[in-house]
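This report concerns only the one structure given below.
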Amino acid sequence: MALYMIGDIQGCNEALGRLLDKLDFSRSRDTLYLLGDLVNRGPDSLGVLRRLMDLGDSAQCLLGNHDLHLLAVAHGVRKPHRSDTVDGILAAPDRSSLLDWVRTRSMAIDAQGWLMVHAGVLPAWDKAQTLSLAHEVETALRGPEWGVFLHNMYGNQPDAWRDSLRGAERLRVIVNALTRLRFCSANGVMEFDTKDSAATAPEGFMPWFDVPGRKTLGTPIAFGHWSTLKNAANGQHTLALDTGCVWGGCLTAARLMDGGRTELIQVQCPQARKPGKS
685 MALYMIGDIQ
695 GCNEALGRLL
705 DKLDFSRSRD
715 TLYLLGDLVN
725 RGPDSLGVLR
735 RLMDLGDSAQ
745 CLLGNHDLHL
755 LAVAHGVRKP
765 HRSDTVDGIL
775 AAPDRSSLLD
785 WVRTRSMAID
795 AQGWLMVHAG
805 VLPAWDKAQT
815 LSLAHEVETA
825 LRGPEWGVFL
835 HNMYGNQPDA
845 WRDSLRGAER
855 LRVIVNALTR
865 LRFCSANGVM
875 EFDTKDSAAT
885 APEGFMPWFD
895 VPGRKTLGTP
905 IAFGHWSTLK
915 NAANGQHTLA
925 LDTGCVWGGC
935 LTAARLMDGG
945 RTELIQVQCP
955 QARKPGKS
């Protein structure tokens, strides 16, 4: 049995197929953990969803900001962006079952000693709190009022966590941290405008994994979302697995080995899109 964590696919179904072939992946023997942004920007978002749905429990998937964007567009909460590539999903005859599958995916996963999120973890959260807060969002998305949740999901405020937060503001902070976070201040104020490498942190901010004394320090964390990071976080019990497949980079899997070690396996992706918002 082999376990693999895979970074942002973003609709690159052909590259995902080649990566699974390279892994000699068996749905009856192995397990995949997909770190979110399953869809959008790449050429075959529908194909990615169909493939992952067909894999059943052998593909455990996180939600990223692009997956939530798909749900928001489908629900009329957001207008499609000109670079979106989710029309195939929205026009599919089984659209409803596809969207229901997406909205019932996870916001965080704890497996084999690794905490897995799409983007980041705020410094005030330990692993247990991260998983508990992720479950709050999962409950909202899976419930009958999930459309109301989507309508209240967007916005940059509040920009920091407080235990006293309730309702839509509480869920918004959780979503922003788990699916959008790159930089934050030492006291956990999030910054959303900067999308380049870790070296471009605005004054007063730093990559979330560099915050001194963060409560997940020492917890192995795998994440995606930050294609310009290119595994820069490997030395701090963190593993960045968005290697820019949709921008012409690689699609990367990390095989989980004994002792917390990982082995990286990659395939080159043929896309040549210009870098943009991830």
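Going by this note's numbering, the residue at position 166 of the sequence shown is 850; the numbering climbs one at a time, nothing skipped. Heads up, the beta-carbon is just placed ideally off N, CA and C, and yes, glycines get one too.
Relative to the alpha-carbon of residue i, which residue among the options has its alpha-carbon at the smallest distance?
i	options	result
L718	Y688, S712 and F893	Y688
C953	T788, S780, D926 and G943	D926
L834	S767, M890, L755 and Q694	L755
E943	R725, D728 and Q796	Checking the sequence, you will find Gly at residue 943 rather than Glu. Here the closest residue by C-alpha is Q796.
T964	V801, G740, A844 and A824	Not covered by the structure: residue 964. The range shown for the chain is 685 to 962.
M685	A883, V723, S712 and S729	S712
H759	M837, P886, P727 and P891	M837
C868	A883, D880, T884 and V895	V895
H730	E698, R866 and A792	Going by the sequence as given, residue 730 is Leu instead of His. Checking every option, the nearest Cα to that of L730 belongs to E698.
C929	P828, D721 and S742	D721
L940	Q841, R826, T884 and L799	L799
R762	L700, G839, S710 and D705	G839
T715	L700, K706 and Q744	Q744
M874	S790, R789, P842 and G851	P842
E853	F709, I949 and L817	L817
E887	A870, R826 and R898	A870
L806	P891, R945, H765 and D705	P891
C696	D880, V832, E947 and G932	G932
Give the C-beta separation of residue i and residue j to the nearest angstrom, bearing in mind that I take them to be a contact with Cβ-Cβ under 8 Å.
i	j	result
G691	T863	G691 to T863, Cβ: 14 Å. No contact.
V951	L733	So it is not a contact: roughly 20 Å between Cβ atoms.
K811	T900	6 Å
L865	G804	3 Å
G872	A808	5 Å
H753	Q694	Actually they are not in contact, since the Cβ atoms of H753 and Q694 sit about 11 Å apart, beyond 8 Å.
I949	L707	6 Å
Who pairs with residue i in a beta bridge, going by DSSP?
i	result
M685	None, per the DSSP bridge assignment.
L948	A938
I690	L718 and A937
Every unbroken beta strand (DSSP E) inside the region 709-775 [3 residues or more]: Secondary structure remark: continuous beta strand (DSSP E) runs of at least 3 residues inside the region 709-775, in chain order: 715-718 and 743-745.
Unbroken stretches of the beta strand (DSSP E), 3 residues or longer, contained in the region 859-943: Runs of the beta strand (DSSP E) inside the region 859-943: 905-907, 922-924 and 934-940.
Those runs of the alpha helix (DSSP H) which lie wholly inside the region 771-807 and span at least 4 residues: Qualifying alpha helix (DSSP H) stretches, in chain order: 771-774 and 779-787.
Given 8 Å, three or more beta-carbon pairs between the region 897-913 and the region 924-940: By the Cβ rule, the region 897-913 counts as touching the region 924-940, because three or more pairs are nearer than 8 Å.
Segment contact, 8 Å Cβ cut-off, at least three pairs: the region 820-828 with the region 858-872: Judged by Cβ distances under 8 Å, the region 820-828 makes contact with the region 858-872, as three or more pairs qualify.
contact_flag[the region 757-771, the region 718-737] where n(CB pairs < 8 Å) is 3 or more: By the Cβ test, the region 757-771 is in contact with the region 718-737, since at least three Cβ pairs between them sit closer than 8 Å.
Given 8 Å, three or more beta-carbon pairs between the region 844-855 and the region 773-790: The answer is no - the region 773-790 does not touch the region 844-855, with fewer than three Cβ pairs under 8 Å.
Cβ contact (3+ pairs, closer than 8 Å) linking the region 733-745 and the region 780-787: For the pair of segments examined, the region 733-745 was found to touch the region 780-787: the number of CB pairs separated by less than 8 Å reaches three.
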